[in-house]
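With positions in the sequence shown counted from 1, the corresponding number in this note's numbering is that position plus 116.
Here a beta-carbon is modelled for each residue, glycine too, at the ideal position from N, C-alpha and C.
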Amino acid sequence: MGYIMEKIEGKVWKFRDCIDTDVIIPGRYLRTFSLDDLASHVMAGEDPKFAEKVQEGDLIVAGWNFGCGSSREQAPVALKHAGVSAIVAKSFARIFYRNAINVGLPVIIADVEAEKDDVLRISLEEGIIKNVTTGKTFQIRPFKKFMQGILEDGGLVKHYLKIKEKG
């Protein structure tokens with residue numbers, strides 16, 4: 117399932133600076149290959165009830181250096197499987213950023229004004245984030261076409277298989 121639609125819209129979950137991969141999916145939960153098990157513990161290091169409360173389509177808004185720490189791919193996988201449709205942060209750890217794109221989870225570098233439970237509408241193609249709750253609009257750098265293709269196809273593996281299938 118790809119995420120690039122006319123708009124990505126969802127309720128905000130707000131997090132601090134320097135959310136590391138141990139907070140996103142603590143190491144003690146990495147002994148499983150079940151996506152449901154991983155998702156049931158997502159963000160447990162910051163909010164133990166997050167996985168119970170997050171809903172399909174919700175968004176994360178965070179500060180600087182989201183996804184720092186280890187290079188574990190399970191972090192963006194768990195977020196996506198839990199229903200998070202995109203993450204907006206002031207900056208991302210480089211490996212987390214690419215891992216998120218590779219699994220088809222949009223990660224947007226932006227400094228937006230948003231509080232928990234605000235609703236954001238994001239257009240990656242146009243480069244616009246609108247806080248529907250407050251009416252404020254924020255410009256972002258539009259995603260390059262090849263990145264949009266990866267996200268539209270649901271991740272790098274699905275994107276590669278689609279290209280390979282076309283010959």
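* To do: Under 8 Å by Cβ, that's how I've got residue 217 and residue 263 pegged, so tell me the actual separation to the nearest angstrom.
  => Sequence index remark: in the sequence shown, residue 217 carries index 101 (1-based). Sequence index remark: in the sequence shown, residue 263 carries index 147 (1-based). With 8 Å as the limit, residue 217 and residue 263 qualify as a contact, their Cβ atoms being about 6 Å apart.
Quick one, are the C-beta atoms of residue 178 and residue 244 less than 8 Å apart? Within the sequence shown, the letter at position 62 stands for residue 178. Within the sequence shown, the letter at position 128 stands for residue 244. No.
Item to complete: Please report the residue range of the alpha helix (DSSP H) in which residue 274 lies.
Response: Indexing the sequence shown from 1 puts residue 274 at position 158. Note, residue 274: alpha helix (DSSP H), 272–282.
Requested in this report: Just list the beta strand (DSSP E) runs in the stretch 174–217, keeping only unbroken ones of 3 residues or longer that don't cross its boundaries, in chain order.
Outcome: DSSP runs (the beta strand (DSSP E)) wholly in the stretch 174–217: 175–178, 202–205.
ask   = Closest to residue 197 by CA distance: which of 174, 210, 133, 181 is it?
value = Taking the first residue of the sequence shown as 1, we reach residue 197 at position 81. Relative to the Cα of residue 197, the nearest Cα in the group 174, 210, 133, 181 belongs to 174.
| message | By the three-class DSSP mapping on this structure, what secondary structure does residue 236 have? | response | In the sequence shown, counting from the first residue as 1, residue 236 sits at position 120. Looking at residue 236 - three-state DSSP - the assignment turns out to be strand.
### Message
Could you give the first and the last residue of the continuous beta strand (DSSP E) run that contains residue 223?
### Response
As a first step, residue 223 must be located in the sequence shown, where it is residue number 107. Segment 223–225, the beta strand (DSSP E) holding residue 223.
Run through DSSP, which three-state label would residue 251 get? Walking along the sequence shown from the start, residue 251 turns up at place 135. Coil, per DSSP.
**Prompt:** Which class does residue 152 belong to by DSSP, given the choice of helix, strand or coil?
**Reply:** For the purposes of this step, residue 152 is taken as residue 36 along the sequence shown, with counting starting at 1. Helix, per DSSP.
Inset, instruction - Measure the Cβ-Cβ separation of residue 230 and residue 221 and say whether it is below 8 Å. - result: Translated into the one-based positions of the sequence shown, residue 230 becomes position 114. Translated into the one-based positions of the sequence shown, residue 221 becomes position 105. For residue 230 and residue 221, no; Cβs fall outside 8 Å.
- Item | Buried versus exposed, by CB contacts within 10 Å (16 or more), residue 137 | On the sequence shown, residue 137 is found 21 positions in, with the first residue counted as 1. In summary, residue 137 is buried, with 16 or more beta-carbon neighbours lying within 10 Å of its beta-carbon over all protein chains present.
Classify residue 143 as helix, strand or coil using the three-state DSSP reduction.
Taking the first residue of the sequence shown as 1, we reach residue 143 at position 27. Here residue 143 carries a helix assignment [DSSP, helix/strand/coil].
**Prompt:** Would DSSP call residue 123 helix, strand or coil?
**Reply:** Translated into the one-based positions of the sequence shown, residue 123 becomes position 7. Residue state for residue 123 is assigned as coil, using DSSP reduced to three classes.
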